[in-house]
């Protein structure tokens, strides 16, 4: 019988480059001399999912009771023996094959048609096209099958025909803090473990839903936190009713995904519709940012979008939006507000953001991005930096909007119905973000030593104005022989005015940057260079 807590199954790499396969208890083995520094799956989605799984495991088995408790284990990590003792009460919930409950599989032996094992992979099921090659993965070893199943259950997009999405909705964004100075896997995991209380054995069936008969949604029943499920089920949601098919081989054979040898492989799986319907979990997951469309409406999980993550997402992923409708993952706020000051991790810490960009049943792609977490040594300086960051991000949003509007006015007659994709207008804003990405972080670094951030705000206004005009010129080359020349010149002129503080657009732009409006604003029309 294969158990995910006692059997070695996690591929890892150590500081000296040594690669091996370990059990979860061994993540702190040789931590002072040759620590484990990363999981080593050949797929990025598996690596991020494994990190999430390990954070959830620690948060369930041995969470810190308070921040002092957390700091103690940061400075003196739990030994493999201590982790083994903490995991032991949960071991029965992590049996992957054999009789009895199986990890993240329906308790019943489901009667359903067999699906190919490759359909466990999020990018395969429901997808077609030149980048999807069905039939390449015909068998998985148990380690790859386990992480495939976890990834699907945790992040599952819509599956059609009553097959439910994940507890956070389909394809949630996962954000984690990556410490800068401490590079061990333990410190990476522990940085993201929230405070909590170790559960009692009586709670296990409400934490691990595969330990008891599935609460189906045939009659639209729902699974809510606290009253139906234990809050710790936030780590172990099981929206799909799945049962894997194992084949015992006469001799070990390679996994089609990893090449690792296994004597028991997964060749397919069975699924029944109407698994648990999770409701009310939007604000519960420690690693996922949230948003509301309007105050008082349902709290929803953020999902990745095409284009990845950059400073354009700073508000909502790192900072709470001024209106409170966009909120970072709880663990990101915990790290920024409390933890890093006691860890000597003010410099070098980064935010990892990743997940599947999905469109209903289809996965358009997996994205993962790292951006610096700019952290100050004092709360006063941090508040000043956060205010500056908010202004810079919002100013870039405004400049992008004004640029798109100017280009549309230059290329089309007033009142014309213009698609966002026409002439690449929708992409012009992306260029603003890309070409100011490094400048944003440089501005925050410089501002860390400033008592007044006004010079950085002025410099940002100058940068955005110059960039917007340059992009306009690249997109709308002005031809003196073109009969539309006057419209193009006028659009450029007013773009320059607006980004110089004149007119309604200029007032909004300068207010965001907390800059005084130019003298004689109501009388002067200015001049765009």
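In the numbering used here, the protein residues as written are -14 to 514.
Glycine is no exception: its CB is placed at the ideal position from the N, C-alpha and C atoms.
Can you tell me the Cβ-Cβ gap for residue 150 and residue 139, rounded? I've got them flagged as a contact below 8 Å.
Taking the chain shown and counting its residues from 1, one reaches residue 150 at position 165. Taking the chain shown and counting its residues from 1, one reaches residue 139 at position 154. Not quite, the Cβ-Cβ distance comes to about 11 Å (not below 8 Å), so this is no contact.
What does the alpha-carbon distance come out to for the pair residue 116 and residue 122?
Stepping through the chain shown from its first residue, residue 116 is reached at position 131. Stepping through the chain shown from its first residue, residue 122 is reached at position 137. Low confidence applies here, because residue 116 scores a pLDDT of 48, under 50, leaving its location unreliable; read the following figure in that light. Approximately 14 Å, taken between the alpha carbons.
Quick one, are the C-beta atoms of residue 339 and residue 166 less than 7 Å apart?
Sequence index remark: in the chain shown, residue 339 carries index 354 (1-based). Sequence index remark: in the chain shown, residue 166 carries index 181 (1-based). Result no, Cβ atoms of residue 339 and residue 166 do not sit closer than 7 Å.
Can you give the Cα-Cα distance for residue 228 and residue 30, rounded to whole angstroms?
To locate residue 228, count along the chain shown from 1; it is residue 243. To locate residue 30, count along the chain shown from 1; it is residue 45. Their backbone Cα atoms lie some 22 Å apart in a straight line.
Could you tell me which whole beta strand (DSSP E) segments of length 3 or greater appear in the stretch 194 to 265?
For the beta strand (DSSP E) assignment, the uninterrupted runs of no fewer than 3 residues enclosed by the stretch 194 to 265 are, from N- to C-terminal side, 226 to 239, 246 to 257.
Which of the three DSSP states, helix, strand or coil, is assigned to residue 40?
Here residue 40 refers to the residue found at position 55 when the chain shown is read from its first residue. Three-state DSSP puts residue 40 in a helix.
Measuring straight from C-alpha to C-alpha, what distance separates residue 389 and residue 437?
Position 404 of the chain shown, counted from the start, is the residue given in the question as residue 389. Position 452 of the chain shown, counted from the start, is the residue given in the question as residue 437. Whole-angstrom Cα-Cα distance: 32 Å.
Which residue marks the beginning of the alpha helix (DSSP H) containing residue 426, and which one marks its end?
Numbered from 1 along the chain shown, position 441 holds the residue referred to as residue 426. 410 to 432 is the span of the alpha helix (DSSP H), which, as asked, contains residue 426.
Helix, strand or coil, according to DSSP, for residue 70 in the structure here?
Counted from its first residue, the chain shown places residue 70 at position 85. It is helical.
Rounded to the nearest angstrom, what separates residue 345 and residue 154 at their Cα positions?
Here residue 345 corresponds to residue number 360 of the chain shown, with the count starting at 1. Here residue 154 corresponds to residue number 169 of the chain shown, with the count starting at 1. Cα-Cα distance, rounded: 10 Å.
Mapping the DSSP letters down to three states, classify residue 116 as helix, strand or coil.
Locating residue 116 in the chain shown gives position 131, where the first residue counts as 1. At residue 116 the pLDDT is 48, less than 50, meaning the model places this residue with poor confidence and gives no usable figure here.
Rounded to whole angstroms, what's the CA-CA distance from residue 194 to residue 450? Just pull it up for me.
Taking the chain shown and counting its residues from 1, one reaches residue 194 at position 209. Taking the chain shown and counting its residues from 1, one reaches residue 450 at position 465. Cα to Cα, the separation comes out at about 55 Å.
Among residues of its own chain, excluding the 5 on either side of residue 87, which ones have a beta-carbon nearer than 7 Å to its beta-carbon?
As a first step, residue 87 is located in the chain shown; it is residue number 102 there, counting from the start. Here the set comprises 80, 81, 195.
For the beta strand (DSSP E) containing residue 100, list its first residue and its last residue.
Residue numbering aside, residue 100 sits at position 115 when the chain shown is read from its first letter. Per DSSP, residue 100 belongs to the beta strand (DSSP E) from 99 to 101.
Use the C-beta contact count for residue -1: other C-beta atoms within 10 angstroms, 16 or more gives buried, fewer gives exposed.
Within the chain shown, residue -1 is the residue found at index 14, counting from 1. Per the 10 Å Cβ criterion, buried.
With C-beta atoms as the reference, is residue 476 less than 7 Å away from residue 395?
Translated into the one-based positions of the chain shown, residue 476 becomes position 491. Translated into the one-based positions of the chain shown, residue 395 becomes position 410. Result yes, Cβ atoms of residue 476 and residue 395 sit closer than 7 Å.
Taking just the CA atoms, how far does residue 266 sit from residue 295?
Sequence index remark: in the chain shown, residue 295 carries index 310 (1-based). Sequence index remark: in the chain shown, residue 266 carries index 281 (1-based). For residue 295 and residue 266, the distance between alpha carbons rounds to 26 Å.
DSSP three-state call for residue 283: helix, strand or coil?
Within the chain shown, the letter at position 298 stands for residue 283. Residue state, collapsed to three classes: coil.
Spatial neighbours of residue 474 within its chain, please: CB distance less than 7 Å, with the 5 preceding and 5 following residues excluded, ordered by chain position.
One-based indexing of the chain shown puts residue 474 at position 489. Result list for residue 474: 463, in chain order.
Per DSSP, which one or two residues make a beta bridge with residue 341?
In the chain shown, counting from the first residue as 1, residue 341 sits at position 356. 351.
What residue does the beta strand (DSSP E) around residue -5 start on, and which one ends it?
Here residue -5 refers to the residue found at position 10 when the chain shown is read from its first residue. Residue -5 -> beta strand (DSSP E) spans -5 to -1.
In the DSSP output, which residue or residues are listed as bridge partners for residue 300?
The residue given as residue 300 occupies position 315 in the chain shown. Per DSSP, 304.
Per DSSP, what kind of secondary structure is residue 487 in: helix, strand or coil?
If you number the chain shown from 1, residue 487 lands on position 502. DSSP places residue 487 in coil when its eight states are reduced to three.
Given residue 168, which residues of its chain have a CB within under 7 Å of its CB, disregarding the five upstream and five downstream residues?
What you label residue 168 is simply residue 183 of the chain shown in a count that begins at 1. Excluding residues within five positions, the ones whose Cβ falls inside 7 Å are 22.
Count the other CB atoms within 10 Å of the CB of residue 162; is the residue buried (16 or more) or exposed (fewer)?
In the chain shown, the residue the question calls residue 162 occupies position 177. Residue 162 should be labelled buried.
In whole angstroms, give me the CA-to-CA distance for residue 459 and residue 416.
Stepping through the chain shown from its first residue, residue 459 is reached at position 474. Stepping through the chain shown from its first residue, residue 416 is reached at position 431. Going from the Cα of residue 459 to the Cα of residue 416 covers about 12 Å.
Among residues of its own chain, excluding the 5 on either side of residue 210, which ones have a beta-carbon nearer than 8 Å to its beta-carbon?
Counting from one through the chain shown, the residue named residue 210 turns up at place 225. Same-chain partners within the cutoff: 216, 218, 219, 265, 266, 269.
Taking 7 Å as the threshold (C-beta atoms), are residue 263 and residue 222 in contact?
Looking up residue 222 in the chain shown gives position 237. Looking up residue 263 in the chain shown gives position 278. A contact, by the Cβ cut-off of 7 Å.
Got a sec? Which residues, its chain only, sit under 8 Å from residue 48 by beta carbon, not counting five neighbours each side?
Walking along the chain shown from the start, residue 48 turns up at place 63. So the list reads 178, 179, 180, 181, 182, 183, once near-sequence residues are dropped.
Which of helix, strand or coil does DSSP assign to residue 520?
Outside the modelled stretch of the chain, which goes from -14 to 514, sits residue 520, for which no answer is possible.
Residue 481 by DSSP, collapsed to three states: which one?
Position 496 of the chain shown holds residue 481. Correct three-state label for residue 481: helix.
Indicate the three-state DSSP secondary structure (helix, strand or coil) for residue 23 in the structure shown.
Reading the chain shown from its first residue, position 38 is the one you call residue 23. It is a strand residue.
How many angstroms separate the CA atom of residue -7 from the CA atom of residue 245?
Locating residue -7 in the chain shown gives position 8, where the first residue counts as 1. Locating residue 245 in the chain shown gives position 260, where the first residue counts as 1. Here the alpha carbon of residue -7 sits roughly 12 Å from the alpha carbon of residue 245.
Could you have a look at residue 368 and say whether DSSP puts it in helix, strand or coil?
Reading the chain shown from its first residue, position 383 is the one you call residue 368. Correct three-state label for residue 368: helix.
What residues match up with residue 7 in a beta bridge as DSSP calls it?
As a first step, residue 7 must be located in the chain shown, where it is residue number 22. Paired residue(s): -5.
Along the chain, where does the alpha helix (DSSP H) containing residue 443 start, and where does it finish?
Locating residue 443 in the chain shown gives position 458, counting from the first residue. First-last of the alpha helix (DSSP H) with residue 443: 439 to 460.
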